[in-house]
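Here's the structure we're looking at; comments come further down.
Residue numbers (the working numbering), protein chains in the order written: chain D, 1 to 290; chain C, 1 to 305; chain P, 1 to 361.
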């Protein structure tokens with residue numbers, strides 16, 4: 001093999017790879033930057049061509065999202081406070097319960113063999129694959145009949161259902177990473193399995209629980225299909241409110257962009273808190289198995 | 001002697017029954033909520049799919065037998081929805097897997113600022129699909145959108161992204177790919193990092209060129225994880241709904257309606273609940289069938305090692 | 001096959017010199033074993049020859065050609081790793097032929113070679129199985145088959161037997177030695193196990209702290225160590241090391257009050273007249289506990305213990321616990337300690353270097 005030729009080819013290849021990476025970075029980060037920039041632009045600056053990179057920041061977008069300041073009485077203001085509270089209540093309680101149930105189920109799936117375990121696991125996973133609109137056709141009727149339509153409680157129920165499968169799988173992965181000996185030793189020493197689970201195993205998967213909660217929260221927080229169909233006025237969550245505001249009059253782009261930024265902030269905080277457990281959670285625990 | 005064994009048996013029994021109690025107690029909340037929120041609705045959907053019935057007039061349920069299905073399956077518009085959804089899924093999955101594996105491979109080694117790069121990378125995934133839809137609609141505006149401006153400034157013609165069926169398909173795929181490629185990158189990175197360093201060294205020593213090593217060692221060894229990524233993206237893009245609500249609203253015309261979109265429209269705009277149920281059942285059968293085949297294949301794949 | 005030469009090889013891991021100015025030539029077809037404690041730089045040297053680690057300075061030469069800039073895949077080397085490195089997703093057959101396929105060797109040639117190694121390693125029954133179905137020993141055998149299938153310039157073995165069961169290890173060691181002689185391939189073998197080194201090597205390269213301590217044939221490294229480290233690292237139980245102090249007519253053993261003299265104990269004259277302080281190195285097999293009345297010195301015996309048919313004894317000189325062979329006819333009888341004159345090695349107490357007859361000044 002000719003070393004000089006290969007190294008020339010290597011170099012060309014390396015430049016190509018670098019070029020592609022730069023292009024991808026631009027594609028990946030560009031829209032986010034553009035979202036943030038646009039959220040700070042005045043309506044005048046927004047449509048200027050060529051687009052302005054430098055401009056005087058204008059908080060009208062944010063003011064109209066929250067319905068404060070100049071935009072307080074504007075008809076287009078979204079006034080998100082109600083839906084912000086809805087979103088927080090629904091996603092926090094939905095996440096907490098989904099993680100709670102998922103942790104219990106994940107533990108059993110990791111430690112016990114029971115009849116129909118494989119089918120149960122598949123059933124649980126398949127709930128993540130269900131198209132929301134398909135079950136919505138029925139939820140729509142069921143919620144009306146049970147008085148759950150347009151209530152936070154109904155949305156919490158949906159949020160648990162939508163996330164408990166994911167939570168079960170991720171938590172199973174984390175429990176698989178804890179050696180079985182932990183419980184065996186405890187049982188040999190006369191403690192119950194319940195004690196071993198609560199006092200020994202759970203503290204060992206604290207990080208996993210945090211990661212699972214993080215992911216469930218991201219999905220619950222951003223969830224749109226269920227909330228948009230199952231709420232009409234009172235229980236609207238943020239994504240629904242934003243979408244509706246965009247649909248009503250002509251789209252106020254600064255406002256939409258500002259709303260997008262507002263929507264991502266809690267997720268970023270959560271993401272920052274769980275960053276160390278991210279890979280494990282993201283991969284549904286499949287990587288922990290080996 | 002007998003006393004001891006008796007005691008031991010008692011203990012065994014207690015242990016086994018406490019195990020059973022634990023299985024039952026720990027699984028029942030999850031099982032209950034899933035049965036109530038999944039199994040019950042699905043059975044009801046199947047039931048409704050045999051009726052001509054609207055959610056607006058709940059009294060009048062007219063049995064239709066299989067007519068809803070016959071009507072749907074002979075409806076050329078529905079086939080168009082499937083074809084469109086299929087194209088969308090194919091483009092999305094292909095692009096996301098290709099880019100995701102490429103970028104994941106470049107990022108799988110340790111380097112300075114890794115955490116920062118990954119945090120930046122993951123931003124799109126954290127956004128609500130609704131916001132992603134609006135953001136891309138905003139950027140793709142044919143008059144003052146940044147995308148057309150960039151195209152124009154390098155001498156390319158402006159494209160009416162959301163006004164033409166084909167362009168809209170690619171626009172939607174670009175938005176979905178933007179949002180979800182990071183997910184593939186993350187999984188691919190994890191998979192590549194899971195391969196022991198000595199395996200790479202052995203391949204290197206065995207005289208494998210980088211390309212040969214990648215295709216014969218790295219890729220096949222991470223296949224199970226990559227396949228999981230593929231399954232999830234396949235199913236997710238197949239059922240994509242939110243993105244289209246915000247990005248195209250199904251337009252131009254109804255040319256960018258996915259099957260999911262169509263279900264929602266039939267059920268919640270026209271209130272043809274019976275027909276929508278039938279369509280939902282068809283969608284469910286396809287998705288469940290697809291995921292069963294894929295998961296079966298995945299199991300076979302991971303059994304090998 | 002090739003001759004491998006290292007010229008002033010230094011490998012620096014951000015300030016830590018893993019390999020420090022090492023020069024060595026491994027002759028064509030020779031079996032050289034790098035031996036040393038963990039962290040001595042032996043594996044790093046091997047990995048540098050393989051091309052997996054870059055030299056900080058100095059050269060690696062294959063048949064006189066400098067190969068520093070070539071990657072591992074360009075060097076035509078074969079390597080067996082300490083931990084099994086078979087490709088888990090490939091069948092044994094595919095694992096073995098991987099190096100040939102990676103180089104685009106013709107199918108007929110691959111088949112011929114595969115038949116040959118299958119025969120040599122008796123792998124016929126395993127070819128269609130996956131590595132996970134094989135016990136560790138058999139996996140390492142496959143790794144060896146994969147290594148030799150393509151006539152490498154040099155065969156590099158990084159503690160290949162350490163992860164294998166004791167019982168199977170002996171067998172593998174024998175087969176390995178046999179195979180190497182049969183193939184005549186230049187082989188560099190890294191181990192911390194001196195028994196492996198002794199039984200396999202044409203030459204042993206003893207390393208410590210990144211430097212070569214001694215290069216010699218297995219026998220000589222045992223009987224003729226160049227310094228305290230070599231003397232103590234090789235041999236089990238370990239060489240006794242005793243402080244010597246000049247005393248009238250001889251050398252006193254530490255603080256024991258016992259003096260070895262030229263006339264009774266065979267201390268060479270140059271050692272008596274040495275101007276620098278010395279230490280005595282003597283292997284346990286050269287220290288005998290003999291019956292009263294035979295030649296020897298009076299030293300208090302600490303303990304007597306049996307290993308198999310042999311009896312050993314220990315005694316203390318200062319803080320050092322020394323060992324020797326108990327040769328008394330009756331176990332409980334009083335005795336004297338005799339140092340066999342031919343087994344007495346002298347070391348410089350300050351530097352640890354061996355001091356020989358000519359060096360004394």
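C-beta atoms are modelled at their ideal positions from N, C-alpha and C, and glycine is treated no differently.
(message) So, does the stretch 60-69 of chain D touch the stretch 182-191 of chain D, judging by three or more C-beta pairs under 8 Å?
(response) no
(request) List the endpoints of the continuous beta strand (DSSP E) containing residue 79 of chain P. (result) Where residue 79 of chain P is concerned, the enclosing beta strand (DSSP E) stretches over 77-80.
(request) Please decide whether residue 156 of chain C counts as near chain D, where near means a Cβ-Cβ distance under 8 Å. (result) no
(message) Strictly by DSSP, which residues pair up with residue 4 of chain P?
(response) Partner(s): P:26, P:62.
(message) I'd like to know whether the C-beta of residue 342 of chain C is nearer than 8 Å to at least one C-beta of chain D.
(response) No answer is possible for residue 342 of chain C: the residues shown for chain C start at 1 and end at 305.
(request) Output, in chain order, the set of chain C residues within a Cβ distance shorter than 9 Å of residue 50 of chain P. (result) 201, 204, 205
(message) Measuring only the C-alpha atoms, how far is residue 60 of chain P from residue 49 of chain P?
(response) 7 Å
(request) Report yes if the C-beta distance between residue 35 of chain P and residue 278 of chain P is below 8 Å; otherwise report no. (result) No. Outside cutoff.
(message) When you compare the CB positions of residue 154 of chain P and residue 333 of chain P, do they come within less than 8 Å of one another, or not?
(response) no
(request) Using a threshold of 8 Å, state whether the C-beta atoms of residue 26 of chain C and residue 108 of chain D are closer than that. (result) Yes, the pair counts as a contact, with Cβ atoms nearer than the cut-off.
(request) Between the Cα of residue 176 of chain D and those of D:201, D:252, D:265, D:222, spot the shortest distance and give me the residue it belongs to. (result) For residue 176 of chain D, the nearest C-alpha among the options comes from D:201.
(message) Taking the beta carbon of residue 242 of chain C as the centre, do at least 16 other beta carbons fall within 10 Å, making it buried, or is it exposed?
(response) buried
(request) Check the Cβ of residue 198 of chain C against every Cβ in chain P and list those closer than 7 Å, keeping chain order. (result) 81, 83, 85
(request) Could you pull the start and end residues of the alpha helix (DSSP H) that residue 222 of chain D belongs to? (result) 206-222
(message) For residue 282 of chain P and residue 343 of chain P, which I take to be in contact (beta-carbon distance under 8 Å), what is that distance rounded to the nearest angstrom?
(response) 5 Å
(request) Find out if the Cβ-Cβ distance for the pair residue 259 of chain P, residue 251 of chain P is shorter than 8 Å. (result) yes
(message) Could you check whether the Cβ of residue 127 of chain D sits closer than 8 Å to any Cβ belonging to chain C?
(response) yes
(request) Using a cut-off of 7 Å between C-beta atoms, extract the partners of residue 217 of chain C located in chain P. (result) 87
(request) Taking residue 209 of chain D as the reference, give the member of D:100, D:132, D:45, D:48 with the closest Cα. (result) D:100
(message) With the cut-off set at 8 Å, would you say residue 56 of chain D and residue 124 of chain D are in Cβ contact?
(response) no
(message) According to DSSP, simplified to helix, strand and coil, what is residue 110 of chain C?
(response) Coil, per DSSP.
(request) Give the DSSP-derived three-state secondary structure of residue 229 of chain P in the structure shown. (result) helix
(request) Inspect the beta-carbon positions of residue 61 of chain C and residue 51 of chain C and report whether they are closer than 8 Å. (result) yes
(message) Please state the DSSP three-state secondary structure of residue 309 of chain P.
(response) coil
(message) Cβ closer than 7 Å: which chain D residues qualify as neighbours of residue 50 of chain C?
(response) Going along chain D, no residue has its Cβ under 7 Å from residue 50 of chain C, so there is no contact; the nearest lies around 14 Å.
(request) Quick one: residues in its chain with C-beta nearer than 6 Å to the C-beta of residue 148 of chain D, no 5 flanking neighbours on either side, listed in chain order? (result) 154
(message) Does chain D have any CB closer than 8 Å to the CB of residue 284 of chain C?
(response) yes
(request) Examine chain C for any beta-carbon lying closer than 8 Å to the beta-carbon of residue 290 of chain D, and answer yes or no. (result) With a pLDDT of only 33 at residue 290 of chain D, under the threshold of 50, the placement of this residue in the model should not be trusted, and no figure is reported.
(message) Does residue 172 of chain D pass the burial test, meaning 16 or more other C-beta atoms within 10 Å, or should it be called exposed?
(response) buried
(message) Three or more C-beta pairs under 8 Å: does that hold for the stretch 236-250 of chain C against the stretch 114-134 of chain P?
(response) no
(request) With DSSP collapsed to three states, give me the class of residue 156 of chain C. (result) DSSP places residue 156 of chain C in the coil class of the three-state scheme, outside both helix and strand.
(message) Would residue 217 of chain P and residue 190 of chain P be called neighbours here (beta carbons separated by less than 8 Å)?
(response) no
(message) Does chain P have any CB closer than 8 Å to the CB of residue 297 of chain C?
(response) no
(message) Below 8 Å on the Cβ atoms is my contact criterion, and I expect residue 237 of chain D with residue 90 of chain D to pass it. Report the Cβ-Cβ distance as a whole number of Å.
(response) 6 Å
(request) Please state whether DSSP places residue 331 of chain P in a helix, a strand or coil. (result) coil
(request) Within the same chain, show all residues whose beta-carbon is closer than 8 Å to that of residue 195 of chain D, passing over the 5 residues directly before and after it, in chain order. (result) Within the same chain, Cβ atoms closer than 8 Å to the Cβ of residue 195 of chain D are found at 186, the five residues on either side in sequence being excluded.
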